[in-house]
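Position one of the sequence shown corresponds to residue 4 (this note's numbering), numbered consecutively onward.
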Amino acid sequence: MAKPGARERITLACSECKQRNYNTKKNKMHTPEKVELSKFCKFCNKHTIHRETK
Numbered sequence: 004m005a006k007p008g009a010r011e012r013i014t015l016a017c018s019e020c021k022q023r024n025y026n027t028k029k030n031k032m033h034t035p036e037k038v039e040l041s042k043f044c045k046f047c048n049k050h051t052i053h054r055e056t057k
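This is the structure:
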C-alpha cells in the first residue's frame with residue numbers, strides 16, 4: 004500500500020516576474036530537490052522557467 008503523505012502540494016512561481024501561477028503536487032521521496040519547469044506565464048506573456056516555492 005502507498006504511504007500516506009508522500010505527495011506534497013507545491014506552488015510554481017515565474018522566475019522573471021515572481022508571480023505564483025501554478026499549483027501542482029510532487030512526491031518528496033522521489034524528487035527531494037526543487038522542481039523547475041518551463042511553463043507559460045500569462046503576466047509576462049511568454050514561456051519562462053517556473054520554480055518551486057512554498
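Built from N, CA and C at the ideal position, the CB exists for glycine as well.
Between Y25 and K42, the beta carbon gap of about 6 Å places them in contact (Cβ cut-off 8 Å).
Residues of the same chain with a CB within less than 8 Å of the CB of C44, apart from the 5 flanking positions on each side, are C17, E19, C20, Q22, N24, H50, T51, H53 in chain order.
In the same chain as A5, and ignoring 5 residues on each side of it, no C-beta atom comes closer than 8 Å to its own. When M32, C47, P7, K28 are compared, the shortest CA-CA separation from K57 is found for K28. Assigned with DSSP and collapsed to three states, C17 falls in strand.
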